[in-house]
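One gets my numbering by counting positions in the sequence shown from 1 and adding 3 to each. Virtual Cβ for every residue (Gly too), placed ideally from N, Cα, C. Structure first, commentary second.
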Amino acid sequence: MKKVYIETYGCQMNVADTEVVLSVLNNAGYTPTAELEGADLAFMNTCAIRENAEEKIWNRLNHWKKLKKRNPEIVVGVLGCMAEHLRKDLLRDSGNIVDLIVGPDEYRRLPALVSSITGTGDRDPRSGVEVSAAQDFEQRTPDPGSRPPPIAVKLSRTETYDDILPYRNEGISAFISVMRGCDKFCTFCVVPYTRGRERSRNIRSIVEECKELEQQGFREITLLGQNVNSYRDAFAVVGTEGTGGSKVPHPNNLINPSSGRFHDFSDLLAACAKAVPNVRIRYTTSHPQDFDQKLVDTMAEHDNICKYIHLPIQSGSDRILKLMNRTYTRTHYMSIIEMIRKAEQQTPPPAERSGVGGGWGAVSVAPSTSGWSLSTDIIVGFCTETLEDHEMTKEVMREVGYDGAYMFNYSPRPNTRAWSTLEDDVPLEEKTRRLNEIVALQNEISTERNRAEIGREHIVLVEGRSKKNADEWKGRTDTNKMVVFPRIPRGAGVPPAVGQPSSAVPSAAEVGEYRKVKITRSNSATLFGELVDVGGGVAAQHVGLERGEVLYDLTPLITPTIRREESAGMMELPIIDG
């Protein structure tokens, strides 16, 4: 069987897209491999959201020139946002090593496009290239007999890959794309131009995918979208006319929505939480314009919906927000924060909650006593940003008290409205100075927020060994905080006292279990603690999963690219821009 190797750059949406690509190619006879050498297909799933992300791809392509010389038969492809956004540049400047360029909405065509290169199977009747791209190819290649590579970058208003079951590695956490594209058109953002307009998946297919993931042993699911709050299931009309004019339930009516004719994101979130009550549900990313009370109420109602919200602010200045076309003001944003904090105050502690599903053994999936957590995105040095604007952003950071943030210098992207209509007039040196201030402030806030966790107990989902010490393991709270703790608790292996059952003896943590950890120390990014329960939580249920074996890491099939110095208190993969 032939092999396909994929490196993935960028956000969680690209990770989910890679799983779709692997599924499409696996059905066409290609086996995923973690080894670049020996692969028949070598693809990069790319990101174009910021300039440094594109630079990584160009550097990697230069590295692959040697691979192409050693193995001229290997098919090298560039997929994703950069493929759509910079197809002409890829043709002109990639050094004759790119054989295939495919955008985010054309992955179904990959088997036929590959066949048109290798000469096997049926040719894709649409595998011709654009005229302008072909002309660029002719100008760059000295070989008149060479053919331009197939290019498939057309954006779709309907493609959601709803019927394709992603190819996932065994693990405990999974992503589900619930919608694609974006209609917000922020002036700094390329997403509407690289991923197209908003369209949502069918609610029933998403719920069924959640159920299947639970059966496969996954313990946590993240619902993905560029702006999940815009989710609308256009196929789930609430009631249709039956014979005789009577109303009959629509087949996709899994719940009773209160949002008019269609299911909205709160309805979807509730449906997923009810369908898999023993699985944690997360989501990202939210846009402040569409964030509402119904979503907060839905999160509060279900114990297995994680009490973590990523809500990009981008800037604390109304003037800059208007230039960014963010469609909300600082006052509106702070009203959302107040809504969330009020729900946090009303959320009962774990001891007072009923838990979920009855399958957690000794622990519950209820949130920790620390309440809810918030993170954000901040762009520093946007067009015309003054020191006063910059200070306003710092004011918002102090007022909200984010647990973590992704912070970036403004990076002008070609074809965006800011690129064509606004001047990038803040010098790079000044941007960097302001970014350093923002990062330092967030580190202070994250340090203080995490210090407040000392002495508290959290339920963590055990992910596996920590990076620095094989005897210490790591897990994540439902508020998205990483916790490091000794895998073997005190008292483990000691015979039970007279009259005590053997189940009272503490057991070592296993991948996929939910375990209770008491926090003993912290820094800006990590909590440290010790196990305080005796075990018995739900363990991973994968076929062939040995106890203690770590299968969560998707590298090298998936390659996170976040710059660590630009984040504080955050997860390993960058958040989808919202």
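Beta carbon of residue i nearer than 8 angstroms to that of residue j
| i | j | result |
| --- | --- | --- |
| Ile77 | Ala115 | no |
| Asn48 | Tyr12 | yes |
| Ser525 | Glu466 | no |
| Tyr311 | Asp481 | yes |
| Ser305 | Ala276 | Just to set this straight, residue 305 is His in the shown sequence, not Ser. Contact: yes. |
| Phe188 | Asn328 | yes |
| Leu586 | Val403 | Outside the modelled stretch of the chain, which goes from 4 to 581, sits residue 586, for which no answer is possible. |
| Gly106 | Lys157 | yes |
| Ile448 | Met400 | yes |
| Tyr286 | Thr225 | yes |
| Ser318 | Thr396 | yes |
| Leu28 | Leu113 | yes |
| Ser208 | Met182 | no |
| Cys192 | Thr523 | no |
| Phe488 | Gly532 | yes |
Same chain, Cβ closer than 6 angstroms to residue i, five either side skipped, listed in chain order
| i | result |
| --- | --- |
| Asn232 | Phe268, Ser289, His290, Asp293 and Phe294 |
| Leu180 | Before going on, a small fix: residue 180 reads as Ser here, not Leu. Excluding positions up to five away in sequence, the list reads Ala19 and Leu227. |
| Val194 | Cys185 and Gln229 |
| Thr197 | Ala51, Cys84, Glu87 and His88 |
| Glu217 | Val279 and Val282 |
| Asp272 | Note that residue 272 is Leu in the sequence shown, not Asp. Correct list, in chain order: Thr301. |
Length of the line joining the Cα atoms of residue i and residue j
| i | j | result |
| --- | --- | --- |
| Pro417 | Pro280 | 44 angstroms |
| Asn30 | Asp165 | 16 angstroms |
| Thr34 | Glu513 | 29 angstroms |
| Leu70 | Glu40 | 8 angstroms |
| Val24 | Glu38 | 17 angstroms |
| His335 | Val429 | 27 angstroms |
| Asn640 | Leu89 | Because the chain is modelled from 4 through 581, residue 640 falls outside the range shown and cannot be assessed. |
| Gly122 | Asn172 | 30 angstroms |
| Ala303 | Lys521 | 24 angstroms |
| Thr161 | Arg490 | 47 angstroms |
| Asp406 | Asp108 | 35 angstroms |
| Cys309 | Phe178 | 14 angstroms |
| Trp3 | Leu314 | Absent from the model: residue 3. The displayed extent of the chain is 4 to 581, so no value can be given. |
| Leu298 | Ser118 | 46 angstroms |
| Glu475 | Arg452 | 23 angstroms |
| Ile381 | Ile316 | 6 angstroms |
| Thr529 | Ile462 | 15 angstroms |
| Ile441 | Asn74 | 47 angstroms |
| Leu44 | Ile120 | 11 angstroms |
| Thr301 | Asp270 | 8 angstroms |
| Leu390 | Thr435 | 13 angstroms |
| Arg459 | Leu431 | 42 angstroms |
Coil, strand or helix - residue i by DSSP
| i | result |
| --- | --- |
| Lys582 | Here the chain comprises residues numbered 4 to 581, so residue 582 is not present and cannot be evaluated. |
| Ser118 | helix |
| Thr327 | The sequence as given places Met at residue 327; Thr does not occur at that position. Coil, per DSSP. |
| Phe268 | helix |
| Arg207 | helix |
| Ser262 | For Ser262, the pLDDT reaches just 43, beneath the cut-off of 50, and the residue's location in the model is therefore unreliable, leaving the point undetermined. |
| His597 | Only positions 4 to 581 of the chain appear in the structure, and residue 597 is not among them; the question remains open. |
| Met4 | coil |
| Ser289 | coil |
| Ala155 | strand |
| Asp300 | helix |
| Lys521 | strand |
| Ser376 | strand |
| Asp406 | coil |
| Leu216 | helix |
| Arg420 | helix |
| Pro169 | coil |
| Gln489 | Strictly speaking, residue 489 in this sequence is Pro, with Gln absent from that position. Note: Pro489 maps to strand in three-state DSSP. |
Neighbourhood of residue i by C-beta, 8 angstroms cutoff - its chain only, sequence neighbours within 5 removed
| i | result |
| --- | --- |
| Leu438 | Val383, Gly384, Met410, Phe411, Asn412 and Glu569 |
| Val2 | The displayed coordinates of the chain run from 4 to 581. Any statement about residue 2 would go beyond what the structure contains. |
| Arg454 | Ser525 |
| Thr350 | Ala303, Lys310, Pro370, Gly374 and Trp375 |
7 angstroms Cβ shell around residue i - same chain, five flanking residues per side excluded
| i | result |
| --- | --- |
| Leu464 | Ile175, Arg222, Glu223, Arg283, Gly478, Arg479 and Tyr517 |
| Ile323 | Phe385, Glu388 and Asp392 |
| Gly32 | Met4 and Lys5 |
| Val546 | For Val546, the pLDDT reaches just 26, beneath the cut-off of 50, and the residue's location in the model is therefore unreliable, leaving the point undetermined. |
| Glu398 | Gly319 |
| Thr332 | Asp321 and Leu324 |
| Ser26 | Ile167, Leu168, Pro169 and Tyr170 |
| Glu347 | Gly374 and Trp375 |
At which residue ranges does the stretch 425-487 contain complete alpha helix (DSSP H) runs of 4 or more residues, listed in the order of the chain?
-> 431-454
Which runs of the alpha helix (DSSP H), 4 residues or longer, sit entirely within the stretch 12-50?
-> 15-30
Pick out the complete alpha helix (DSSP H) segments inside the stretch 53-110, 4 residues or longer, and give them in chain order.
-> 54-73, 84-88 and 90-96
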